[in-house]
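Asks: Here it is, the structure, as structure tokens.
Protein chains in written order, with our numbering: chain A, -10 to 365; chain B, 79 to 393.
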């Protein structure tokens, strides 16, 4: 056990910082990532291309797909620096962190040839078609139906809470292909072009931001059968494998630390509750280390230890603690749109819900880390 | 970065676990027998050289010392291992007589003060090295796990060391309380989990109920964070930041862990026979051992602010 970054990783961190400094506009705010405007999407594509040009975009990918098998630690360093400035990769962080790895692991050669190069170039937006009106935390209850008809699937149903759907070119879509078997056994993944006839995207107005979330309706959408990812009815395995990548990849603690720094330095010299700020920063550091533990588990080949859920909970609680302490410091000013604590509200509110709710994570921790009996 | 134990660390911890398990069977027979076994474990640790595990300037040894203390705090050993094997050697004393107790000022309450041959007293920017003859030690009756006593300095001020030694003591002490608290929290959670897994109510194990699971899962996240921060702080004990962060997090986590484990086990948690108090009633002592429990969190804010200001000035 030791906690030092190697000289190579320290050099990498400096390199990421210099690329960020060179390509991030001066008026970039850490809350920007939550605003999925067309302008932002355009910016993130340009930014991701700059990362790609500097070998900072997909170094963790296998060499055959344009990466160099960089370690998970390298991926973590890059993720920390980018999340620290508000994740200027925008929606594309999903592409490299879990959509592409899922395609590499489960895709056909044709799918790899078609989907991976644009992701590797930082030039494509994906959305994830997971939640439905009656399938939220209980994702396996999803009902969007895909019926095989010769060499196509006919898709009907509705997704909800879909971020980036209004600008996405493709959707990583979960569908039910067999309603007659236990629910986790009848799910498949389709890689769907979002410009197909019969797909309708509607914004769900929210308090978070314009176009933060959407509904996506599928009405007799004809999807080529070769868009099936992995085997038919094995989509649950594909998805859980993919989500494990996502839950580790989000370095919320780094952004929280920097947001608190920024807010606190503006409050100088009179802080209302120094202890609460200090506790938030300590929680953030704990979340950082617990994320490293999950990464180490993955490197060392330990499965289902619960560490992925533990770091997810720690990060979400850090977001909430930061919101509470920043709001307290700001007083009434925290009500002002896009103040530090208002921006923190936008980050913190979904953090205990997206990617698996806090309660789902607690269930997993109870079983996997604590060995508590199942609730039957 | 490698968070897995290396072979040397594994070997050392295995040996320490063996020593800490000496006389496990006969332990609960009588208080005298327990005390004899406790002394035997302490002596064996001492003879095996584990009280000298820390090598000044070698942070691998700081981490090893913390891993040892984590292990010992989760065992039935009741002895000032951390003060003796971590804090006193780290401070850089040329010589001292073990065991060591730590006190946060004249008139403060300290653990193991009656048993100690050396007392390190931290007073703002000064560290006093006191022997038993320099102090009056009055035992305190309390419900907590540790033997406590009030320490008053007699006429001699002992050996007085300056601000650098005081700062070193403060950092090491923060690492120590963080380590002992996380170990106590994790031990309490382990015991609570074992209990609720076997305790059947409403025709099912209590531990299968989500209300119980979620409290324990939440406690586990907090305690796991404290554990890794303590280890991280050991690695960087020469810096102010990590020890303050580790102490702050452990103290911030302690109340909710205490509440959760006692709540889920119910009334049996009040009993001495069940033993939960061994871990939970250590927490109130450790929280205030260095004085104001909020002081660590305040230190974190000030340290961070100072470093972010420096960063901004340098950028």
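C-beta: ideal position from N, C-alpha, C; glycine also.
1. Evaluate the contact criterion for the region 356 to 368 of chain B versus the region 330 to 342 of chain B: three or more CB pairs, one atom per stretch, below 8 angstroms.
2. Mind checking residue 84/B: buried by the 16 CB within 10 Å criterion, or exposed?
3. So if I threshold CB-CB distances at 8 angstroms, which residues from the region 353 to 380 of chain B count as touching chain A?
4. Out of 148/B, 153/B and 154/B, which one is the CA nearest neighbour of residue 160/B?
5. How about residue 267/B and residue 301/B: are their beta carbons less than 8 angstroms apart?
6. Using beta-carbon positions only, say whether residue 284/A and residue 62/A come within less than 8 angstroms of one another.
7. May I have the straight-line CA-CA distance separating residue 375/B from residue 325/B, to the nearest angstrom?
8. I'd like to know if residue 79/B contacts chain A, where contact means its C-beta is closer than 8 angstroms to some C-beta of that chain.
9. My guess is that residue 118/B and residue 264/A are in contact by the Cβ rule of under 8 angstroms, so how many angstroms apart are they, rounded?
10. Can you tell me which of the three DSSP states residue 348/A falls into?
11. With a cut-off of 8 angstroms, do at least 3 Cβ pairs link the region 156 to 176 of chain B to the region 194 to 214 of chain B?
12. Looking at residue 232/A: is its Cβ nearer than 8 angstroms to the Cβ of residue 344/A?
13. Got a sec? Which residues, its chain only, sit under 6 angstroms from residue 372/A by beta carbon, not counting five neighbours each side?
14. Could you give the C-beta distance for residue 225/A and residue 149/A, rounded to a whole number, given that I count them as a contact under 8 angstroms?
15. Using the Cα positions of residue 366/B and residue 196/B, report the straight-line distance between them to the nearest angstrom.
16. Can you tell me whether residue 168/B is helix, strand or coil according to DSSP?
17. Output yes if chain A places a C-beta closer than 8 angstroms to the C-beta of residue 69/B; else output no.
18. Pull up the CB-CB distance for residue 178/B and residue 251/B, whole angstroms please, since I reckon it's below 8 angstroms.
19. Is residue 164/A near residue 210/A, with beta carbons less than 8 angstroms apart?
20. With 8 angstroms set as the bound, which would you pick, yes or no: does the beta-carbon of residue 347/B sit closer than that to a beta-carbon of chain A?
21. With which residues is residue 124/A paired in a DSSP beta bridge?
22. Within the chosen definition, does the region 127 to 143 of chain A reach the region 94 to 102 of chain A through at least 3 CB pairs nearer than 8 angstroms?
23. Taking the alpha carbon of residue -9/A as the reference point, which residue from 311/B, 377/B and 357/B has its own alpha carbon closest?
24. Within a Cβ cutoff of 7 angstroms, which residues of the same chain sit near residue 58/A, ignoring the five residues on either side of it in sequence?
25. Can you give the beta carbon distance from residue 295/A to residue 353/A, rounded, assuming they're within the 8 angstroms contact cut?
26. Taking the continuous alpha helix (DSSP H) assigned at residue 273/B, which residues delimit it?
27. Given a limit of 8 angstroms on CB to CB distance, which residues of the region 257 to 291 of chain A reach chain B?
28. Would you please verify whether the beta carbon of residue 181/B is less than 8 angstroms from any beta carbon of chain A?
29. Could you pull the start and end residues of the beta strand (DSSP E) that residue 95/A belongs to?
30. Exposed or buried, what is residue 142/B when buried is set at 16 or more other beta-carbons lying within 10 Å of its beta-carbon?
31. Is there a Cβ of chain A sitting closer than 8 angstroms to that of residue 303/B, yes or no?
32. Quick one: what does DSSP say residue 206/B is sitting in, helix, strand or coil?
33. Compare the C-beta of residue 281/B against all C-beta atoms of chain A and say whether one is closer than 8 angstroms.
34. Write down the C-beta distance between residue 207/A and residue 133/A rounded to the nearest angstrom, noting that I regard them as a contact closer than 8 angstroms.
35. Does the contact criterion of 3 or more C-beta pairs under 8 angstroms hold for the region 190 to 200 of chain A versus the region 237 to 251 of chain A?
36. Could you name the residues of chain B that residue 364/A contacts, counting a contact when the two beta carbons are closer than 7 angstroms?
Replies: So, from the data block:
1. yes
2. Taking the first residue of the second chain as 1, we reach residue 84/B at position 6. Exposed: under 16 other Cβ atoms inside 10 Å.
3. 372, 374, 375, 376, 377, 378, 379 and 380
4. Residue 160/B sits at position 82 when you count from the first residue of the second chain. Cα-wise, what sits closest to residue 160/B is 148/B.
5. Taking the first residue of the second chain as 1, we reach residue 267/B at position 189. Taking the first residue of the second chain as 1, we reach residue 301/B at position 223. Against a cut-off of 8 angstroms, the Cβ pair of residue 301/B and residue 267/B comes out as a contact.
6. Numbered from 1 along the first chain, position 295 holds the residue referred to as residue 284/A. Numbered from 1 along the first chain, position 73 holds the residue referred to as residue 62/A. Result yes, Cβ atoms of residue 284/A and residue 62/A sit closer than 8 angstroms.
7. Looking up residue 375/B in the second chain gives position 297. Looking up residue 325/B in the second chain gives position 247. Approximately 8 angstroms between the Cα atoms of the pair.
8. Numbered from its first residue, the second chain carries residue 79/B at position 1. It does; some Cβ of chain A falls within 8 angstroms.
9. Here residue 118/B refers to the residue found at position 40 when the second chain is read from its first residue. Here residue 264/A refers to the residue found at position 275 when the first chain is read from its first residue. Their Cβ separation, rounded to whole angstroms, is 43 angstroms, which puts residue 118/B and residue 264/A out of contact at 8 angstroms.
10. For the purposes of this step, residue 348/A is taken as residue 359 along the first chain, with counting starting at 1. In this structure, residue 348/A counts as helix in the three-state DSSP scheme.
11. yes
12. Locating residue 232/A in the first chain gives position 243, counting from the first residue. Locating residue 344/A in the first chain gives position 355, counting from the first residue. In this structure, residue 344/A lies closer than 8 angstroms to residue 232/A by Cβ.
13. One cannot answer for residue 372/A here, as it falls past the ends of chain A, which runs -10 to 365.
14. Counted from its first residue, the first chain places residue 225/A at position 236. Counted from its first residue, the first chain places residue 149/A at position 160. Residue 225/A to residue 149/A, Cβ: 19 angstroms. No contact.
15. For this step, residue 366/B is matched to residue 288 along the second chain. For this step, residue 196/B is matched to residue 118 along the second chain. Roughly 21 angstroms between the two C-alpha positions.
16. As a position in the second chain, residue 168/B is number 90, starting the count at 1. Here residue 168/B sits in helix by DSSP.
17. The structure shown does not extend to residue 69/B, since chain B is modelled only from 79 through 393, so no value can be given for it.
18. Numbered from its first residue, the second chain carries residue 178/B at position 100. Numbered from its first residue, the second chain carries residue 251/B at position 173. Not really, about 11 angstroms apart at Cβ, beyond 8 angstroms.
19. Along the first chain, one-based indexing puts residue 164/A at 175. Along the first chain, one-based indexing puts residue 210/A at 221. No, these two residues do not count as a Cβ contact at 8 angstroms.
20. Here residue 347/B refers to the residue found at position 269 of the second chain. Not one chain A Cβ lies under 8 angstroms of residue 347/B.
21. The count along the first chain starts at 1 and reaches residue 124/A at position 135. 121/A, per the DSSP bridge assignment.
22. no
23. One-based indexing of the first chain puts residue -9/A at position 2. Ranking the options by Cα distance to residue -9/A, first place goes to 311/B.
24. As a working mapping, residue 58/A is identified with position 69 in the first chain. Only 51 and 52 meet the Cβ criterion.
25. Residue 295/A sits at position 306 when you count from the first residue of the first chain. Residue 353/A sits at position 364 when you count from the first residue of the first chain. The Cβ separation is near 6 angstroms, so the contact holds.
26. Locating residue 273/B in the second chain gives position 195, counting from the first residue. Residues 241 to 276.
27. 257, 260, 263, 264, 265, 266, 267, 268, 270, 271, 272, 274, 275, 276, 278, 279, 281, 282, 285 and 289
28. The count along the second chain starts at 1 and reaches residue 181/B at position 103. Output row for residue 181/B: interface = no.
29. Reading the first chain from its first residue, position 106 is the one you call residue 95/A. Segment 89 to 95 is the alpha helix (DSSP H) holding residue 95/A; no beta strand (DSSP E) there.
30. In the second chain, residue 142/B corresponds to position 64, counting from 1. With 16 or more other Cβ atoms within 10 Å, it is buried.
31. What you label residue 303/B is simply residue 225 of the second chain in a count that begins at 1. Closer than 8 angstroms to some Cβ of chain A, the Cβ of residue 303/B qualifies, so yes.
32. One-based indexing of the second chain puts residue 206/B at position 128. The answer is strand: DSSP assigns residue 206/B an E or B state.
33. Mapped onto the second chain, residue 281/B falls at position 203. Chain A, which has no Cβ nearer than 8 angstroms to the Cβ of residue 281/B, makes this no.
34. As a first step, residue 207/A is located in the first chain; it is residue number 218 there, counting from the start. As a first step, residue 133/A is located in the first chain; it is residue number 144 there, counting from the start. Between residue 133/A and residue 207/A the Cβ distance is about 6 angstroms, and since that is below 8 angstroms, they are a contact.
35. no
36. In the first chain, the residue the question calls residue 364/A occupies position 375. 286, 287 and 288, listed in chain order.
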